[in-house]
Amino acid sequence: SEMLQLPDEAKIIMLPARPSSWKGHEILIKSFSSINNENIICIMPGADDNGHYVTNLRNLAKKYNVLGKMVFLPFLDDLPAAYMLADVVVVPSLKPEPFGRVLIEAQAMGRPVVAFDHGGASESVIHEKTGLLVEPKNVKELGVAIEKLVTMPLNQRNKMASTSREHIVNNFTLDKMRSETLKLYN
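Numbering of the sequence shown is given in the working numbering, commencing with residue 17 and proceeding in unit increments.
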């Protein structure tokens, strides 16, 4: 956080994704404006390409009065370090992704996640246990879910973190994938 100069007491929500419209940057900005975000900063690694898309995101954030709370970053090589900064990782993809790597990685790092309940997210996130699943494209519900996780008491957060790590190790490791694939062939 040295590099970003973030206030110590700030809560951080993060959407790591390349700048493309179906990744949900816009819906997150709208949701972010609907919650009490006085103490929350929204970081978007991967969404800083100085192109039209990010210019539009900045304009949208300005329109929704949250530009001062947004940090657009170039894509980070070291995403695990970035995850460690995040209090909540948000993956609001507008179309169902078959497999969301960000969701798997964030949970493996013990980070609470929020995602729309479709595609791979429905299978990789255990609702209320490793994160929250939200009705797809529901701006209000997304905001409520983010606020809920950001304000979660520490003991609950720690419990969610260990459940998340366990869940990923048990279900999404390379070994697990290999053995399931071999089982299929056999």
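Even glycine gets a Cβ: it sits at the ideal position worked out from N, Cα and C.
The structure displayed is predicted, hence computed values, not measured ones.
When beta bridges are read from the DSSP output, H68 appears opposite no residue. An exposed status is given to H143, since fewer than 16 other beta-carbon atoms sit within 10 Å of its beta-carbon. Straight through space, the alpha carbons of D191 and Y201 are spaced by roughly 15 angstroms. Annotation for V141: L119, V129, A131, G147 and L149 place their beta carbon closer than 7 angstroms to its own, counting only its chain and skipping 5 residues before and after. With at least 16 other beta carbons inside 10 angstroms of its own, K39 counts as buried.
Under the three-state reduction of DSSP, G147 is assigned to strand. Looking at the backbone, the Cα of P32 and that of L198 are separated by about 33 angstroms. Non-local beta-carbon contacts of L83 in its own chain, meaning distances under 7 angstroms to residues more than five positions away in sequence, involve R74 and A77 in chain order.
Cα atoms of G116 and H183: separation of roughly 15 angstroms, rounded to the nearest angstrom.
For L89, the enclosing beta strand (DSSP E) stretches over residues M86 to L89. Ranked by Cα distance from V155, the first of A63, K27 and L44 is L44.
By the criterion of a C-beta distance shorter than 6 angstroms, F188 is surrounded in its chain by I120, once the five residues flanking it on both sides are discounted.
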